[in-house]
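Trainee: Sharing a structure, written as structure tokens. Questions coming.
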Amino acid sequence: MAKINENYSKLPGSYLFAEIARRVAAFSAENPDVKLIKLGIGDVTWPLAPAVIEAMHKAVDEMGRKETFRGYGPEQGYDFLRNAIVAHDFKARGAEITADEIFVSDGAKSDCGNIGDIFSADNVVAVCDPVYPVYVDTNAMAGRAGEYLSELEKWSNIYYMPTTSENSFVPELPKTHVDLIYLCFPNNPTGTTLTKDQLRQWVDYANEHDAVILFDAAYEAFITEDDVPHTIYEIPGAETCAIEFHSFSKTAGFTGNRCAYTVVPKALIRQGQSLNGMWNRRHTTKFNGVPYVVQRGAEAVYSEEGMQQVRQTIAFYQENARVIREGLKEAGLEVYGGVNSPYIWFKTPTDSWSFFDRLLKEAHVVTTPGAGFGPSGEGYIRVTAFGDAEDTKEAVRRILDLLK
Ligand SMILES: Cc1ncc(COP(=O)(O)O)c(C=O)c1O
């Protein structure tokens, strides 16, 4: 008899977005004429940059001619893209990363989940709380999380690091032993960041304890402040303790196009094994490369026009973030994030689901209750800056009216 992976039966339902959708659908069914403004989604809304489209069209034409047609490409990504990534995302920032340390993939989500393949099931995993749920659920699927304790909304073997206003959203170094540490900065959902000095403490800790940091830099393109690292490899010593995930999703609107990359430095060795070699083995066995056309599109993000166009789109989202941040502050709310991030995180006067309902029913604005990202997210709500500019302003006006 085929036996199933029983860890799947321990997973709680994917509650958050399903529950939001249910409440929104119920409200809309009762109030069909109300125009809801959705500031809950973490998806981009602006189309791809013209430079990206042009490069992709050209690549499609190449695929249509016998002389330039391409079949399977290198699983790790074409050199043209890996070299562009190295030059712009690392060398330009003083980080010594080489092309053979870059693994192009179809998404930071899949890589954050799949990276567990190269680690033993008995590692202790540490996550921030609130957290991007993928880190927790994928470790639960791999049998690394223990048992789900529903009354605590926590897993027995996961080490949770609260990141709340009480510690200025800077997680404390673990008090007991941990092996794998997920850090996501700029953070989803809180929109907050670590300074270089704060991140240095984590790098030093990981090197001292032989831990590995899994650093998710999916939102680095939104960084505006100088002291916030764009990559963990700006911190000396990170190459011996950190794997980093990047994505073109939020940087360049690739959420529907699918292109990302993971950095596994060759200096990263555990138990005498090169993690770069192990990830290479895993990637080449289980993955067959991102489409050539998509990789040409990603390469164009680094062209002069591409960079300029992508920066304009990010600036548009950043302006939305400013409108939300300042508007919510004016409404008397305690507001975080939104400076180096498309996410704004604010404290709710009541519990987060009740306030979500109030915003939905009275302001007709859809948000995301913080409690859905982990127990320490209770008492907060996440708002995103990916919406339309006029809708964003209107949503802020409605919230201001509600809280007057
Ligand atoms: C923290 C974080 N990492 C990764 C991702 C997913 O990135 P990708 O689209 O490359 O899979 C998201 C998407 O929302 C995210 O919030």
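Counting in the working numbering, the sequence shown runs from 3 upward without gaps.
Idealized CB from N, CA, C, for every residue including glycine.
(1) With ALA262 and ALA110 assumed to form a contact (beta carbons below 8 Å), what rounded beta-carbon distance in angstroms separates them?
(2) Given this structure, state the Cα-to-Cα distance separating LEU362 from ALA27, to the nearest angstrom.
(3) Would you call ARG84 buried or exposed, if buried means 16 or more other Cβ atoms sit within 10 Å of its Cβ?
(4) My guess is that THR192 and GLY381 are in contact by the Cβ rule of under 8 Å, so how many angstroms apart are they, rounded?
(5) With a cut-off of 8 Å, do at least 3 Cβ pairs link the region 323-343 to the region 182-196?
(6) In three-state terms, what does DSSP make of MET3?
(7) Under 8 Å from any heavy atom of ligand 1, does the C-beta of ASP91 make it?
(8) Go ahead and label ILE6 buried or exposed: buried means 16 or more other beta carbons lie within 10 angstroms of its beta carbon, across all protein chains shown.
(9) Can you say whether ALA317 is buried or exposed, counting buried as having 16 or more other CB atoms within 10 angstroms of its CB?
(10) Where are the beta strand (DSSP E) runs, 3 residues long or more, that stay fully inside the region 151-239, in chain order?
(11) Nearest CA to the CA of VAL62: which residue from ARG298, LYS288, LEU41?
(12) Would you decide whether ALA123 is buried or exposed? Buried here means 16 or more other CB atoms lie within 10 Å of its CB.
(13) Just the Cα atoms here: how many angstroms apart are ARG284 and ILE117?
(14) What's the call for THR352, buried or exposed, on a 16-neighbour Cβ count within 10 Å?
(15) Tell me whether LYS406 is buried or exposed, calling it buried when 16 or more other Cβ atoms sit within 10 Å of its Cβ.
(16) Tell me whether ALA262 sits in a helix, a strand or coil according to DSSP, three-state version.
(17) Use the C-beta contact count for PHE375: other C-beta atoms within 10 angstroms, 16 or more gives buried, fewer gives exposed.
(18) Count the CB pairs spanning the region 141-157 and the region 98-107 that are closer than 8 Å, and state whether there are at least three.
(19) What residues in its chain sit with their C-beta under 7 Å from that of VAL296, if we drop five residues either side in the sequence?
(20) Quick one: grab the DSSP three-state call for ILE43.
(21) Indicate whether ALA51 and GLY255 have their beta-carbon atoms separated by less than 9 Å.
(22) Using the rule of at least 16 other Cβ atoms within 10 Å of the residue's Cβ for burial, across every protein chain shown, is GLY329 buried or exposed?
(23) Once the 5 residues before and after ALA240 are set aside, which same chain residues still bring their CB inside 7 Å of it?
Mentor: Looking at the coordinates:
(1) 4 Å
(2) 11 Å
(3) buried
(4) Contact doesn't hold; Cβ gap of about 12 Å is too wide.
(5) yes
(6) coil
(7) no
(8) exposed
(9) exposed
(10) 160-164, 182-186, 214-218
(11) ARG298
(12) exposed
(13) 9 Å
(14) exposed
(15) exposed
(16) strand
(17) buried
(18) no
(19) ASN259, ARG260, CYS261
(20) coil
(21) yes
(22) buried
(23) VAL205, ILE234
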